[in-house]
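Its first residue numbered 421, the sequence shown is counted upward by one per residue in our numbering. What follows is a set of notes on a single structure, which appears directly below.
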Amino acid sequence: MRTRIPLPLLKAAASESAEAEGRVVELFRNRAELKKAHSALQHEMHRLTDRLKQQEGATARVQEALETLEKRLASPETAYPALVFYQLRGLWQTGRRIVEQLAAELARQYEERERRLHLAENNRRLFARRAALQAQLQDAEREAADARQRAVGLTAQRARLTRFWQYFRRRCVEHALHAVGEAVAAADGRLSAARSAFDTLADEGAREFPGLSIEARRSINLAAIGCAEVLCQRLAGTPLVALARAAVSCREVTDAYGDRAECERLMAAIAAGQLALEPRPQVPGEVRKRSDQLRTVARYRSQEDAVPTAASLDSRKDGATGVPNVLAEDTWDLFRVLLS
421 MRTRIPLPLL KAAASESAEA EGRVVELFRN RAELKKAHSA LQHEMHRLTD
471 RLKQQEGATA RVQEALETLE KRLASPETAY PALVFYQLRG LWQTGRRIVE
521 QLAAELARQY EERERRLHLA ENNRRLFARR AALQAQLQDA EREAADARQR
571 AVGLTAQRAR LTRFWQYFRR RCVEHALHAV GEAVAAADGR LSAARSAFDT
621 LADEGAREFP GLSIEARRSI NLAAIGCAEV LCQRLAGTPL VALARAAVSC
671 REVTDAYGDR AECERLMAAI AAGQLALEPR PQVPGEVRKR SDQLRTVARY
721 RSQEDAVPTA ASLDSRKDGA TGVPNVLAED TWDLFRVLLS
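Written as structure tokens, this is what we have:
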């Protein structure tokens, strides 16, 4: 004889089994999330370890360079070439700083001017659109008012036509009233659209300034190139520009500057060169003159390019002899200054 299990016990057992399965599923889900988080932490740890090794390598290289420099400065035979080396690099940085300052100041002036023009043009555009939308809104309001007035008149006229012999006339008025009702609905639709357009214009802000125009960027770049040429012209007759370029291209100090006496003469020439590079009142005029000369010969690869081709600057016949092609030679790190 089989034992009958009560139904409540079966339901309780099924409920406990479902709860146990739910706990198992939740456990596996938590385990998968923990494995994922652990994998992400391991990846982050490896990344930070690699960065730490790179930083340690960079620190070791800097420390090695400092130790090498200390050893060079400890001996008179190697200290003077090191002084010349770093003074030449300083001369190069001075030239670059002057060109950067000129380009930055011109960029500020051009941006201020073009922002004002952009704002004025935006205001003119909004004013013209506002005037046009205002006229459309007034026309729509007038049309809607006229349509409603006609509807009111026809409604009053129909109310007076109550006699049976006025049936046909009343039918004509009702047809006219139906047509006027459609006209009122159309006028209300146009009025709503005009109001929506006017409200949208009121909420519309000024267009974002798109940045310097291609003409402004080209003018700034030509001025920077002209400034670089002016600086080279001031050092004409000396090897300082070539020596400074060689110094910035080397990562370590070289002994290519001769003995102590030659190094002292070079340091005196570098000091004179630093004074020659200092800004003077006539610099803007010189830069403007060279910029005008460059503008007549500068050619660009495309209409969107702001940097002229280096070859086009060699075609000048303005008497600027002895001045190197600063763009081709990247004098004073010119390409880092020019606007793209």
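Ideal placement from N, C-alpha and C gives every residue a C-beta, glycine not left out. Computed from a prediction, not measured in an experiment: that's the story for all the values here.
Item: Exposed unless 16 or more other CB atoms sit within 10 angstroms - verdict on G739; Value: Unreliable positioning characterises G739 in this predicted model, as indicated by a pLDDT of 48, which lies under 50. The coordinate reading is nonetheless provided below. When all chains shown are included, G739 counts as exposed.
Item: Buried/exposed call for R638, threshold 16 Cβ in 10 Å; Value: buried
Item: Beta carbon of A664 nearer than 8 Å to that of L511; Value: yes
Item: Residue ranges of each beta strand (DSSP E) within the segment 633-698, 3 or longer; Value: none
Item: Close Cβ partners of D753 (< 7 Å) along its chain, the five nearest in sequence each way excluded; Value: R516
Item: Local Cβ density within 10 Å of C592, reported as buried at 16 or more and exposed below that; Value: exposed
Item: Chain D contact for Q723 (CB, 8 Å cutoff); Value: Absent from the structure: chain D. Only one protein chain is present.
Item: Buried or exposed by the 16-neighbour rule on C-beta atoms within 10 Å, applied to L430; Value: With a pLDDT of only 48 at L430, under the threshold of 50, the placement of this residue in the model should not be trusted, and no figure is reported.
Item: Coil, strand or helix - R549 by DSSP; Value: helix
Item: N641 vs V504 beta-carbon contact at 8 Å; Value: no
Item: Local conformation of S722 per DSSP, three classes; Value: coil
Item: Pairwise C-alpha distance: R756 and A643; Value: 14 Å
Item: A691 and L655 closer than 8 Å at C-beta; Value: no
Item: The alpha helix (DSSP H) enclosing L754, as first and last residue numbers; Value: L754 to V757
Item: Check whether A689 and L660 have beta carbons under 8 Å apart; Value: yes
Item: Among V746, E531 and R549, the one whose alpha carbon lies nearest that of P630; Value: E531
Item: Classification of A748 by the beta-carbon crowding that lies within 10 angstroms, buried from 16 upward; Value: exposed
Item: Other residues of its chain near A614: CB distance less than 6 Å, five sequence neighbours each side excluded; Value: Q556, L557 and A560
Item: Coil, strand or helix - L511 by DSSP; Value: helix
Item: Cβ shell of L519 (< 8 Å), same chain only, five flanking positions each side left out; Value: Note that residue 519 corresponds to Val in the displayed sequence, not to Leu. The answer, listed in chain order, is A644, C647, A648, L651, W752, L754 and V757.
Item: Rounded separation between Q507 and Y720 - CA only; Value: 36 Å
Item: Element boundaries [alpha helix (DSSP H), containing A706]; Value: Note that residue 706 is Glu in the sequence shown, not Ala. Per DSSP, E706 belongs to the alpha helix (DSSP H) from V703 to V717.
Item: Pairwise C-alpha distance: L553 and V604; Value: 20 Å
Item: Test item: CB-CB of Y677 and P496 under 8 Å; Value: no
Item: Beta-carbon proximity check, E563 vs L632, cutoff 8 Å; Value: no
Item: Contact check, L597 vs A571, beta carbons under 8 Å; Value: yes
Item: Anticipated Cβ contact below 8 Å, R509 with V668, distance rounded; Value: 6 Å
Item: Helix, strand or coil at R544 according to DSSP, with G and I counted as helix; Value: helix
Item: Cβ neighbours of C683 in the same chain (closer than 8 Å, five flanking residues each side left out); Value: Y500, P501, L503, V504 and Y677
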